[in-house]
Every structure is written in C-alpha cells, then in structure tokens.
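So that you can map any letter, position 36 of the sequence shown is 36 in this note's numbering, and since no number is skipped, the others follow by simple counting. Note that CB positions come from ideal geometry on N, CA and C, so glycine has one too. All remarks here apply to the structure that follows.
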Amino acid sequence: MAKEYRLSAERLEELKQELTYLKTVREKEVAELIKEARSFGDLSENSEYDEAKNEQGKLYSRIAELDEILSNYTIIEEQETAQDIVHVGNSVMVKDLEFDETLTYQIVGSQEADPMNGRISEDSPFGKALLGKKAGEEVVVEAPAGNIHYQILEIQR
C-alpha cells in the first residue's frame, strides 16, 4: 500500500506548480545541456556530458517523487469537532518544563515540515507526542539526549 501524504491546500498547489515547471521548462533546459555537451566530442571523457546526464537523473527522480506525492495525498481539512485536541494543522503553544521556555509550533504533514520555522511534522517524535492531546496536558518527547517534558498551554486553529 502506498504512503499517504497529508498536505495543506497551499502546499498541494506549490507541488503541482513545481511539477509543471519541471516537466516543461526544466526538462527542455536539461535536454539542451545534453545536446550541447554531446557536441564537445568523445563522450567517454566528456565531463560536461556526465554532469548534464546527472542533472537529468536528478530531474527525473524529483518528477517521480512529485508524481508519487500527487497521486497519494489527502488535504488537511479544518477540524469541525474536538477543537480542544491537537490535530494536524493546529498551532500549539508549549512550555519546555526543563528550561521554562514557551514555544509555538504548527503541526503539519511531512511534506511541509520546516522545524527551523516552527513547522513540525506529524511523523516526528514531537509531532506524534502532541497529536490527540489537550491543553494543560504534559507530554514527554523521546530525544537522543533524553526525554524532554513539555506542557501544552494553548491550541489554536
């Protein structure tokens, strides 16, 4: 069974646009690079040709990855029920109980994760620990440095 990717409507549109760009503009650019590199002669010692073929491989790999995502996705919907429970798409304010820091994170699908900007994947240990919890609850996140204890202060849509 194929993996199901959870995407926001905005991320879905970004991926569709990237795929269109790669299949139209970028594919032609790489084909032109290969054509130009072939004109330099002996392909066995032609580093430009090797580089162009590597670029083509990366391009086709990314196209295949996007095709996989776009054929197996679900849109993250606004939750109509249980708005006091952490779901994908929520912003969650937590307090690090060890360092007494307050942090805010948004729980997102794995294709949208950007931890440096506060977007935590639902598949990460932190995301998994938060999902299904309520404000006021304490969660324990297993990390390589040891368990980290947080308290959920607030859940926002």
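Does residue i come out as helix, strand or coil in the three-state DSSP assignment?
i      : result
Glu80  : A caution first: Glu80 carries a pLDDT of 47, below 50, which makes its placement in the model unreliable, though a value can still be read off. DSSP places Glu80 in coil when its eight states are reduced to three.
Lys35  : helix
Ala129 : helix
Leu43  : helix
Ala2   : coil
Val158 : Missing from the structure shown is residue 158; the chain here goes from 1 to 157 and no further.
Going by C-alpha distance, which of the options is nearest residue i?
i      : options                           : result
Arg157 : Asp42, Asn90, Gln151 and Arg119   : Asn90
Glu142 : Leu131, Pro125, Glu154 and Ile155 : Pro125
Leu59  : Glu77, Ser44, Ser71 and Ile34     : Ile34
Arg119 : Ala52, Tyr73, Tyr21 and Val92     : Val92
Lys95  : Tyr150, Ser110 and Ile75          : Tyr150
Ile155 : Ala135, Val140, Ala145 and Asn147 : Ala135
Lys16  : Leu43, Glu4, Val140 and Tyr73     : Tyr73
What residue range is occupied by the uninterrupted alpha helix (DSSP H) comprising residue i?
i     : result
Lys58 : Ser47 to Ser71
What is the residue span of the beta strand (DSSP E) that residue i lies within?
i      : result
Leu15  : Per DSSP, Leu15 belongs to no beta strand (DSSP E); it is in the alpha helix (DSSP H), Ala9 to Tyr21.
Gln151 : Gly146 to Gln156
Asp114 : Neither: Asp114 is in no beta strand (DSSP E) and is coded neither H nor E.
Glu142 : Glu138 to Ala143
Val108 : Glu101 to Val108
Ser124 : No beta strand (DSSP E) contains Ser124, which DSSP labels as neither H nor E.
On the premise that residue j lies in contact with residue i, defined as a C-beta separation below 8 Å, what is that separation, rounded to the nearest angstrom?
i     : j     : result
Ile63 : Val86 : The Cβ separation is near 35 Å, so there is no contact.
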